[in-house]
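Convert by adding 3 to the 1-based position in the sequence shown; the result is the number in the numbering used here. Beta carbons: idealized from backbone N, C-alpha and C, even for Gly. Small disclaimer: the values here were computed from a predicted structure and weren't measured. Let me begin by presenting the structure, written as structure tokens, before commenting on it.
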Amino acid sequence: MKKLITILLFLCATQGFAQQQKQLPVGFTYIDNHIPHIAYDLRYHGSHNFVGRRIDGYEANKLILTEKAVMALKKVEAELNKEGLGLKVFDAYRPQRAVNHFKRWAKDIKDTLMRREFYPQVDKRDLFKKGFIASRSGHSRGSTIDLTIIHLNTKEELDMGAPFDFFGEESAHGYVHLTTPQRNNRLKLRKIMEKHGFRAYEKEWWHYTLHDEPFKDKYFDFPIK
4 MKKLITILLF LCATQGFAQQ QKQLPVGFTY IDNHIPHIAY DLRYHGSHNF VGRRIDGYEA
64 NKLILTEKAV MALKKVEAEL NKEGLGLKVF DAYRPQRAVN HFKRWAKDIK DTLMRREFYP
124 QVDKRDLFKK GFIASRSGHS RGSTIDLTII HLNTKEELDM GAPFDFFGEE SAHGYVHLTT
184 PQRNNRLKLR KIMEKHGFRA YEKEWWHYTL HDEPFKDKYF DFPIK
């Protein structure tokens, strides 16, 4: 009887996985199907982000990436786990409609609801020029991810010297006014991500793209659900 129940549970789980995968384009997958314990705080599914409201296309609190990127990320997580550390993801695949939402928001100069927290020293009119907002994002190709490192036992984030999505020079890898622990934490994240095939974006310590990404010139717009 126990064996029969185990088989039925396995079949149900397999069927559920297959149904989820059917919702996605070929080559994409849900991250937690492969890294079930990964921590995440999908900022654009809620209101704690630089816009201050849920972003178009984020219909569910789920993380999606290309299968190739997830397999590389799985190696990063496994290596960190040996030290009692893990990854926390803020954003992964991003639909083009979300990028369009950012563009509309950036052009609305009067909407500065979240300025104090996310861009206190940057004129909103300069967000495009300074590279914080773009017409297209590598996230929409499916192999770019925003993330940090946490302690597994407390879920506390390592101090990186600037919060996720902070629009300012403090977020750049080359920012010089960091404490030694902050600099070492950023370097730790960068080294392990690069070791497993990702490259950094110099203006944002949290932003990494798979070197050998499968969709180098294709931008997707399917919603996250």
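| query | Sorted by chain position, which residues of the same chain lie with C-beta nearer than 6 Å to residue 189's C-beta, five sequence neighbours on each side aside? | reply | Setting aside the 5 residues that flank it on each side, residue 189 is surrounded in the same chain by 163, 208, each with a C-beta closer than 6 Å to its C-beta; the list follows chain order.
| message | Using only CA atoms, which one of 74, 28, 54 lies nearest to residue 39? | response | The residue among 74, 28, 54 with its C-alpha nearest the C-alpha of residue 39 is 74.
| Does the distance from the C-beta atom of residue 96 to that of residue 51 stay below 8 Å? | Contact: no.
| field | Residue environment, residue 82, which counts as buried when at least 16 other CB atoms sit within 10 Å | value | Result: exposed.
| message | Counting C-beta neighbours from all protein chains within 10 Å, is the total for residue 145 16 or more, i.e. buried, or is it exposed? | response | Residue 145 is buried by the Cβ-count criterion.
| said: Which residue marks the beginning of the alpha helix (DSSP H) containing residue 153, and which one marks its end? | reply: Per DSSP, residue 153 belongs to no alpha helix (DSSP H); it is in the beta strand (DSSP E), 147 to 154.
| field | Any non-hydrogen atom of the ligand MG closer than 7 Å to residue 82 Cβ | value | Although the ligand MG was asked about, the structure shown includes no ligands whatsoever.
| said: Suppose contacts are defined by Cβ-Cβ distances below 8 Å. Is residue 93 in contact with residue 169 by that definition? | reply: For residue 93 and residue 169, no; Cβs fall outside 8 Å.
| message | I believe residue 71 touches residue 199 by the beta-carbon criterion, under 8 Å. Please report the beta-carbon distance rounded to the nearest angstrom. | response | The pair is not a contact, with the Cβ atoms about 12 Å apart (cut-off 8 Å).
| field | Reference residue 172; option with closest CA among 123, 213, 216 | value | Cα-wise, what sits closest to residue 172 is 123.
| message | With a threshold of 6 Å on Cβ separation, who are the neighbours of residue 46 within its own chain once the five nearest residues in sequence on each side are excluded? | response | Here residue 46 has 52, 93 as same chain residues with Cβ atoms under 6 Å from its own Cβ, once five neighbours each way along the sequence are excluded.
| So what's residue 137 in DSSP terms, helix, strand or just coil? | Residue 137 falls in the coil class under three-state DSSP.
| said: Does the contact criterion of 3 or more C-beta pairs under 8 Å hold for the segment 95 to 109 versus the segment 125 to 139? | reply: Yes: the two stretches touch, three or more of their Cβ pairs being nearer than 8 Å.
| query | Ordered along the chain, which non-local residues of its own chain (more than five positions away) have a Cβ less than 8 Å from that of residue 118? | reply | Answer for residue 118: 127, listed in chain order.
| message | Please identify the residue among 192, 156, 180, 204 whose C-alpha is closest to the C-alpha of residue 140. | response | Comparing Cα positions, the closest option is 204.
| Whose C-alpha, out of 27, 42, 28, is nearest the C-alpha of residue 160? | Nearest option by C-alpha distance: 42.
| request: Whole angstroms is fine: what's the gap from residue 211's alpha carbon to residue 86's? | output: Distance from the CA atom of residue 211 to the CA atom of residue 86, rounded to whole angstroms, is 21 Å.
| Outcome for residue 158 when other beta-carbon atoms lying within 10 angstroms are tallied against a minimum of 16 | Label assigned to residue 158: exposed.
| task | Identify every residue that forms a DSSP beta bridge with residue 203. | result | According to DSSP, residue 203 bridges with 211.
| request: Return the chain-ordered list of same chain residues with a C-beta closer than 6 Å to the C-beta of residue 55, the five sequence neighbours on each side being excluded. | output: Cβ-Cβ distances below 6 Å link residue 55 to 116, 117 in the same chain, with the five nearest sequence neighbours on each side left out; the list follows chain order.
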